[in-house]
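Q: Supplied in structure tokens, the structure appears directly below.
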């Protein structure tokens with residue numbers, strides 16, 4: 001293969017994680033829109049979470065049984081306990097709190113609050129030594145300041161409203177805020193923000209624990225199937241308690257409720273857990289969560305078209321700050337990856353050194369030839 005072909009192949013290989021996480025954010029953005037529509041129609045968030053993971057388990061499990069047959073390690077008690085905890089952290093606690101927070105606010109607001117996820121994940125990974133940080137190094141400074149910028153942008157979107165943007169496709173429509181009697185109250189915003197923040201903390205814990213679990217259970221599809229199954233069982237127990245005596249909430253028809261459950265199951269549980277696992281094995285949990293602000297930008301645009309939510313200047317400015325912070329984090333992570341990945345020359349030298357250590361005669365020949 002020519003140098004050009006080899007270089008192109010390397011670039012495509014390096015770009016795969018970026019394409020994967022960007023695809024993931026588009027999927028999560030679609031979930032926000034559809035889930036908000038289903039919640040607006042009166043669907044219980046507890047039931048939505050259960051149906052979501054029932055479908056996800058049914059879709060992912062057959063692929064996991066077939067494709068992971070040769071690489072799936074033996075299940076042990078410590079691994080099973082981690083899987084149970086994974087099923088509780090994200091599928092049950094995070095998703096229910098996220099949907100409850102979205103019910104109090106809007107899809108755009110909920111997506112904006114999730115921008116604290118990179119900061120939480122970064123801090124936890126730093127504490128657990130999963131992320132290398134040297135404050136005197138420019139790439140570490142870029143990651144720290146970029147993560148802080150994403151949080152600042154999220155706060156701007158949350159607290160700074162600014163003037164209404166006059167968009168022609170929202171003229172003459174009744175927005176969600178108008179339907180609820182004017183602008184969303186401060187009390188509702190605070191309730192929603194607290195719920196989503198706690199949910200994001202559980203999500204960050206989930207990402208860290210998934211990264212740790214993959215080291216002893218390196219079968220991404222099987223792990224995704226187990227998480228979806230545990231999320232179904234634990235979520236059903238919670239739903240039966242919270243919705244006791246109200247069997248009508250379990251009824252589902254061919255409407256936005258069914259679409260939200262099926263879409264979020266396939267794209268945001270099955271595929272998301274798998275993509276996160278694959279990318280985290282090579283780039284770490286911070287890289288995956290660093291792209292979460294993109295979901296907010298996508299949701300803000302899509303919700304103005306589909307849900308007719310109003311856009312404000314403050315949210316637009318916050319989005320700009322978030323994107324700038326995201327660029328800083330990605331730049332720092334890319335420098336980390338390059339410094340950790342050995343070049344071809346380094347790999348050849350390392351191979352020769354290992355061979356020389358194993359064969360003393362070869363080592364003597366190498367020294368003699370280098371002397372000449």
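Numbering (UniProt numbering), first residue to last: 1 to 372.
We treat Cβ as the ideally placed atom computed from N, Cα and C, and that holds for glycine.
Measuring CB to CB, does residue 112 end up less than 8 Å from residue 318?
A: yes
Q: Taking residue 229 as the reference, which of 70, 269, 32, 283 has the closest Cα?
A: 269
Q: Ignore the nearest five residues each way along the sequence and tell me which others in residue 54's own chain have a CB closer than 6 Å to its CB.
A: For residue 54, where only same-chain residues beyond five positions count, the Cβ hits under 6 Å are 232.
Q: Work out the CA separation of residue 226 and residue 155 for me, nearest whole Å.
A: 35 Å
Q: Roughly how many whole angstroms lie between the Cα atoms of residue 18 and residue 74?
A: 32 Å
Q: Excluding the five sequence neighbours on either side, which residues of its own chain have a C-beta within less than 7 Å of the C-beta of residue 60, listed in chain order?
A: 221, 224, 225, 228, 270
Q: How many angstroms separate the CA atom of residue 151 from the CA atom of residue 145?
A: 10 Å
Q: Start and end of the alpha helix (DSSP H) containing residue 42?
A: For residue 42, there is no enclosing alpha helix (DSSP H), as DSSP marks it with neither H nor E.
Q: Decide if residue 216 is buried, meaning its Cβ has at least 16 other Cβ atoms within 10 Å, or exposed.
A: By the 10 Å Cβ count, residue 216 comes out exposed.
Q: For residue 138, which residues from the same chain have a beta carbon less than 6 Å from its beta carbon, with the 5 sequence-adjacent residues on both sides left out?
A: none
Q: Please go through the same chain and pick out, in chain order, the residues whose beta-carbon is closer than 6 Å to the beta-carbon of residue 101, but skip the five residues on each side of it.
A: 110, 192, 195, 196
Q: Mapping DSSP to helix, strand and coil, what is residue 233?
A: In the structure shown, residue 233 adopts helical secondary structure according to DSSP, grouped into three states.
Q: Just checking my contact of residue 292 with residue 118 at CB under 8 Å: how many whole Å lie between their CB atoms?
A: For residue 292 against residue 118, the beta-carbon gap comes to about 6 Å, under 8 Å, which counts as contact.
Q: What are the start and end residues of each continuous alpha helix (DSSP H) run of 4 or more residues lying completely inside the UniProt domain "EamA" (191-330), in chain order?
A: 220-242, 256-265, 271-283, 285-290, 292-306
Q: Count the other C-beta atoms from every protein chain shown that fall within 10 angstroms of the C-beta of residue 98, then say buried if there are 16 or more, exposed otherwise.
A: buried
Q: Helix, strand or coil: which one does DSSP assign to residue 89?
A: helix
Q: Report back the beta-carbon spacing between residue 48 and residue 58 to the nearest angstrom; my notes put them in contact at under 8 Å.
A: Not really, about 16 Å apart at Cβ, beyond 8 Å.
Q: Can you tell which of 120, 331, 51 has its C-alpha closest to the C-alpha of residue 266?
A: 51
Q: Which term fits residue 76, buried or exposed, when burial requires 16 or more other beta carbons within 10 angstroms of its beta carbon?
A: Exposed, by the Cβ-count rule.
Q: Compute the Euclidean distance between the alpha carbons of residue 279 and residue 212, then round it to the nearest angstrom.
A: 13 Å
Q: Among 20, 96, 25, which one has its Cα closest to the Cα of residue 242?
A: 96
Q: Have a look at residue 206 and residue 253 and give me their C-alpha separation to the nearest angstrom.
A: 32 Å
Q: Leaving aside the five residues before and after residue 256 along the sequence, list all residues of the same chain whose C-beta is less than 7 Å from its C-beta, in chain order.
A: 34, 37, 38, 41
Q: Taking all protein chains shown into account, decide if residue 134 is buried (16 or more other Cβ within 10 angstroms of its Cβ) or exposed.
A: exposed
Q: For residue 202, which residues of its own chain have a beta-carbon under 6 Å away from its beta-carbon, when the five flanking residues on both sides are left out?
A: 89, 93, 94
Q: Taking the straight line between their C-alpha atoms, what separation do you get for residue 259 and residue 300?
A: 20 Å
Q: Determine the direct distance from the alpha carbon of residue 274 to that of residue 239, and round the result to whole angstroms.
A: 26 Å
Q: Per DSSP, which one or two residues make a beta bridge with residue 164?
A: Answer is 312, bridged to residue 164.
Q: Around the Cβ of residue 290, are there at least 16 other Cβ atoms within 10 angstroms (buried) or fewer (exposed)?
A: buried
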